[in-house]
Amino acid sequence: MNKQNENAFTQTATEVCEILNISRQTLYAYVSRGKLRASAQKGDARKSLYHAHDVEELLANKKRGRSRRAIAKSTQSWGEPVLKSDISHIDQGRLYYRGYDAVQMSKDASFEDVAKLLINVDVSKATEHIYNKTTGRNPFVRMVTATSNLVTSTHAVKDADKPAYILGQLLAAICDQTHINDAPFHIQLAEYFSDSEDFKEMTRRCLVLCADHELNPSAYTARVASSAHANLEACILAALSTFSGTRHGSMTSMTRWWVGRAAMKQGAEKSDFIKAAKTPPGFGHPIYPNIDPRAEELLKHIQMPEGWAEIIEGVQATHNLYPNLDFALAAMEKSLGLKPKTGQTLFAFSRLIGWIAHSQEQRKSGLLIRPRAWS
């Protein structure tokens with residue numbers, strides 16, 4: 018695995034101080050508080066270069082103003098609150114897990130590799146347990162039910178063993194089993210959902226690319242719960258509940274429905290249908306100015322469903338929006354003849370790693386997340 022490119026560190030201390038109109042002391046304070054990343058300058062380790070994107074963010078914050086009301090308003094606009102996290106971050110349109118490019122990892126890494134990187138857990142220990150049978154009308158519902166049962170369970174598991182146990186229980190619930198075998202997790206999931214050999218490799222890629230995505234709504238929810246010292250199972254349930262919303266995990270199902278309808282229409286009717294959507298499901302992402310890199314990578318390995326490529330062209334021409342992860346997951350479902358919510362379930366299972374990582378990191382910080390209100 019190749020770590021994040023260092024080319025983003027381009028600003029000298031003098032340049033940063035001039036741009037932000039700050040003193041050297043303030044510059045060093047920003048670095049110590051995690052607001053500004055620094056890297057040793059090649060050829061002279063005593064000097065540092067600073068991350069250009071961080072400088073831009075700090076400058077934007079200064080221009081926006083720091084009144085309580087300004088900060089509160091910015092929480093609705095993909096800005097504050099900013100929490101320091103070493104789990105994942107997005108820089109110049111690329112997603113990184115602890116400094117490693119997620120798209121590059123998806124070429125050969127496994128779910129187990131990502132779990133080791135983000136939460137330092139050996140998931141093979143999950144095979145050591147017999148799990149409770151979980152009922153539910155579909156795999157995603159069983160996943161939610163199993164998580165809820167874990168919250169109230171009296172079954173004692175050591176804290177160090179909890180992540181692997183939780184992953185094992187939810188894998189068993191999805192696959193409608195009471196145990197799991199020693200095959201890689203992506204193989205067990207793929208074989209439950211489909212007989213397609215191609216789907217096994219696609220499942221592996223999905224699990225790697227969906228594991229975490231900065232402070233998305235469900236990850237932030239997990240951190241809020243963890244900051245209040247909720248147990249790990251409760252943090253995951255809180256995150257999973259948030260994930261179920263139509264503007265988060267359930268967007269995959271909405272995308273499959275909307276694109277499917279658009280693809281069936283012809284001529285002017287199709288154009289009017291696309292234009293009528295304020296933000297077409299499965300398109301656009303505030304963090305990525307162009308295509309979501311996760312979607313771009315997955316779509317390379319998917320046979321595009323009939324008519325869907327034309328919808329991409331129509332949305333780009335009408336709304337200047339590009340496919341996101343939800344589109345790629347929906348296209349995968351449609352292309353391989355998978356049942357609805359398959360993509361959503363894989364997305365949620367993979368994201369367990371991120372929710373656990375955020376819960377652990379927040380608990381370790383010792384800080385309570387408690388924003389203020391304004392009127």
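Quick note: to get the numbering used here, add 17 to the position in the sequence shown (first position is 1).
Just so it is clear, CB atoms sit at the ideal spot from N, CA and C, and this is done for glycine as well.
For a test of the three-state rule: what should DSSP assign to THR171, helix, strand or coil? coil
Cβ-Cβ distance between LEU100 and ARG115 below 8 Å: Result no, Cβ atoms of LEU100 and ARG115 do not sit closer than 8 Å.
For ALA334, the nearest candidate out of LEU355, ALA190, PRO297 and THR359 (CA to CA): The residue from LEU355, ALA190, PRO297 and THR359 with its alpha-carbon nearest to that of ALA334 is PRO297.
Sequence-distant residues of its chain with Cβ nearer than 7 Å to THR269 (five each side left out): In the same chain as THR269, and ignoring 5 residues on each side of it, the C-beta atoms closer than 7 Å to its own belong to ASP343, LEU346, ALA347, GLY360, GLN361 and PHE364, in chain order.
Can you tell me which of TYR305, LYS356 and VAL332 puts its alpha carbon nearest to the alpha carbon of ILE107? TYR305
To which residues of the same chain is CYS227 closer than 8 Å at the C-beta, ignoring the five residues directly before and after it? Cβ within range, chain order: ARG311, LEU342, LEU363, PHE364, SER367 and ARG368.
Within 10 Å of its beta-carbon, does PRO340 have 16 or more other beta-carbons around it, so buried, or fewer, so exposed? buried
Could I get the ranges of all uninterrupted beta strand (DSSP E) runs contained in the stretch 195 to 251, with 3 residues as the minimum, in chain order? none
Are PRO322 and LYS351 closer than 8 Å when you measure CB to CB? yes
Should SER243 go down as buried or exposed, given a rule of 16 or more other Cβ atoms within 10 Å for buried? Classification for SER243: buried.
Looking only at its chain, what residues have a beta carbon closer than 8 Å to the beta carbon of GLY51, apart from the 5 residues adjacent to it on each side? LYS101
Please state the DSSP three-state secondary structure of PHE278. Correcting the residue identity first, residue 278 is Arg in this sequence and not Phe. In the structure shown, ARG278 adopts helical secondary structure according to DSSP, grouped into three states.
Let me know the beta strand (DSSP E) ranges lying completely inside the stretch 100 to 130, each 3 residues or longer, listed in chain order. 105 to 108 and 111 to 114
Exposed or buried, what is LEU75 when buried is set at 16 or more other beta-carbons lying within 10 Å of its beta-carbon? buried
In this structure, what does DSSP give as the bridge partners for GLN58? ASP61
Express the C-alpha separation of ASN248 and SER170 in angstroms, rounding to a whole number. 12 Å
Supposed close pair LEU224, PHE128 - CB separation, criterion 8 Å: So it is a contact: roughly 4 Å between Cβ atoms.
Leaving out five residues on either side along the sequence, give the residues of the same chain with a beta carbon under 6 Å from the beta carbon of VAL48. ALA55
Does the separation of the CB atoms of THR195 and ILE147 fall below 8 Å? Cβ distance < 8 Å, so THR195 and ILE147 count as in contact.
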